[in-house]
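Inspection log for the structure reproduced underneath, given as C-alpha cells.
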Amino acid sequence: MYPNLVLALSDQGWNQSAFELRDLPPTPAEEWQRTLAFVGLGLAEKAAMARSVEALMGRAVELIVSTYDYLQKFPETAAILGWEDTVDQEHLEERRRFFTIWLSRTLGMDTSDEFAAYLFRAGKFHAGHGPRRIHTPATYVTASIGSVLAFFAQILGEAGLPSKDLAEAMRGWSKYLTAQLNLMLFGYHIARQFESGNLPIPVKLFGTVRPIIGKSEVVVRVHSGDTVADVLGKFFSYYPEARALALEKYWDTEEKSHTEWLDVVSVSIFRKGWRILLNGRDLNYEGGFYHPLRSQDEVAIFPPGR
C-alpha cells in the first residue's frame with residue numbers, strides 16, 4: 000500500500016524517480032465514490048430508503064440504547080471498553096453522542112466527500128487512535144454494521160411496509176452501509192499500518208501543514224531498512240487531507256514480469272518549493288528519498304515560504 004522508491008541517483012545525476020511516491024492509496028473521497036459506484040446504489044433504492052426513514056427515525060433512540068446495553072453485557076466488548084465492572088457514564092455519553100451523529104447522517108443518506116473523511120476518521124479511532132486510545136478490533140466493527148442492518152430489517156418489518164418496499168429499502172441500506180464499512184475499515188487498516196514498525200521516526204511539520212494536521216510533530220513507525228519514502232508514504236496515507244496542498248498526482252505504467260500487460264499506477268511528487276529534510280539535510284540535494292532510516296533519525300516537512 001505504501002510507495003516503493005524505484006531508484007536513487009542514476010549515473011547521469013538527478014533522477015526524478017528518487018523523488019516520487021508511487022501507488023499511494025486513494026483518498027477517502029476517492030475510495031468512497033469508487034465503492035458507491037461499485038455497489039450501484041440506484042434511484043429506486045434511494046427512494047425506498049427515503050420512504051423508510053420515518054419508521055427508522057421513530058425508533059432511533061431504541062437502537063442507540065440497545066446497542067450500548069449489548070456492548071456492556073457482551074464480555075469481550077465490555078473488556079475492550081473497560082466496562083467489565085461498571086460503566087463510565089461520561090464515556091457512555093461520548094459513545095452515544097458519536098452514534099447519534101453517525102445515525103443521523105446515515106438516515107440522511109449522506110454521500111458527501113466530507114462524510115467520507117468522517118468515516119475514515121472513525122476507522123482510525125476504532126484502531127485505537129481516538130482520544131481514549133481504545134482499540135476496537137475490526138471483527139466488532141464489521142459485526143456492528145451487521146447488527147444495525149438486522150435492526151433496520153426488524154423495524155421496517157414491524158412497521159408493516161409492503162414487502163416490495165421493504166425489500167427495496169433493505170437492498171439500498173445494505174449497499175450503503177457496506178460502502179460505509181469499507182471506508183471505516185480503510186481508515187482502520189491505514190492507522191494500524193501507521194503504527195507498525197520497530198523504528199519511531201519523528202516528523203516535524205512547518206508552515207501551512209501544521210493547521211491542516213493540527214500538530215507540529217507526529218511520529219511515524221517504520222521497519223528497519225525502510226526509507227524516507229516509506230515515512231512519507233505512511234504520513235500522506237494517514238493524513239490524506241495534506242495531499243492537495245503538498246502533492247501533485249499523475250499516472251504512470253509499470254511492466255510486470257508475470258504478465259504481458261502494463262499496470263497503471265499513481266505517482267505523486269511534491270509541488271514546487273517543498274523541502275524534505277533528513278536530520279537537517281535537504282534531500283533535494285542528497286539524492287532523493289531513498290535513504291535507509293536509523294534510530295534517532297528525524298524527518299522535517301517544509302512548505303514553500305515561511
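At position 122 of the sequence shown (counting the first as 1) the number is 121 in the working numbering, and the numbers step up by one without a gap. In this text, a Cβ means the ideal position worked out from N, Cα and C, and glycines have one as well. Remember, predicted model here, so these are calculated numbers, not experimental data.
- Message: I'd like the span of the beta strand (DSSP E) that includes Lys248, first residue to last.
- Response: 246-254
- Cα-Cα separation between Lys72 and Gly206, rounded to whole angstroms: 48 Å
- Using 8 Å as the threshold, is the stretch 261-276 in touch with the stretch 240-250, meaning 3 or more CB pairs across them? yes
- With DSSP as the reference, label Ser265 as helix, strand or coil. strand
- Comparing alpha-carbon positions, which option in Ala46, Arg94, Ser51 lies nearest Ile63? Arg94
- Item | alpha helix (DSSP H) runs wholly inside the stretch 43-105, at least 4 long, in chain order | 59-72, 74-80
- Message: In the DSSP assignment, the alpha helix (DSSP H) including Phe185 goes from what residue to what residue?
- Response: 162-193
- Item | Assigned secondary structure, Pro130 (DSSP; H/G/I helix, E/B strand, else coil) | coil
- Using the rule of at least 16 other Cβ atoms within 10 Å of the residue's Cβ for burial, across every protein chain shown, is Lys255 buried or exposed? exposed
- Query: Val147 bridges to which residues according to DSSP?
  - Reply: None, per the DSSP bridge assignment.
- Would you check if the stretch 83-103 and the stretch 27-45 touch, i.e. whether three or more CB-CB distances between them fall below 8 Å? no
- Query: What number of angstroms, rounded off, separates the C-alpha of Ser195 from the C-alpha of His134?
  - Reply: 14 Å
- Query: Are Met108 and Met48 touching if we call contact CB-CB under 8 Å?
  - Reply: yes
- Residues near Asp251 by beta carbon distance below 7 Å, same chain, minus five either side: Val264, Val266
- In chain order, what residues of the same chain have a beta carbon less than 7 Å from the beta carbon of Lys45, not counting five sequence neighbours either side? Met108, Gly171
- Are the CB atoms of Val298 and Val221 nearer to each other than 8 Å? no
- Message: Does the structure place the stretch 116-127 close enough to the stretch 184-199 that three or more beta carbon pairs sit under 8 Å?
- Response: yes
- Task: Starting from the C-beta of Pro291, find all residues in its chain whose C-beta is less than 8 Å away, skip the five residues before and the five after it, and write them out in chain order.
- Result: Gly224, Asp225, Thr226
- Query: By DSSP, does Ala299 sit in helix, in strand, or in coil?
  - Reply: strand
- Message: Can you find the residues in the same chain that come closer than 7 Å, C-beta to C-beta, to Asp10, ignoring five residues on each side of it along the sequence?
- Response: In this prediction, Asp10 scores a pLDDT of 38, lower than 50, which makes its location untrustworthy; no coordinate-derived value is stated.
- Which residue's Cα is closest to the Cα of Pro24: Asp281, Lys214, Ile212, Tyr237? Tyr237
- Query: What are the residues that DSSP puts in a beta bridge with Asp22?
  - Reply: Bridge partners of Asp22: none, in fact.
- Item | Buried or exposed by the 16-neighbour rule on C-beta atoms within 10 Å, applied to Gly41 | exposed
- Give me the Cα-Cα distance between Phe150 and Lys248, rounded to the nearest whole angstrom. 42 Å
- Message: With H, G and I counted as helix, E and B as strand and the rest as coil, what does DSSP make of Ser9?
- Response: Below a pLDDT of 50, predicted positions are generally treated as unreliable, and Ser9, at 37, falls in that range; the measurement from the model is reported next regardless. Looking at Ser9 - three-state DSSP - the assignment turns out to be strand.
- For Leu277: DSSP bridge partner residues: Arg280, Val298
- Message: Quick check on DSSP: helix, strand or coil for Arg270?
- Response: coil
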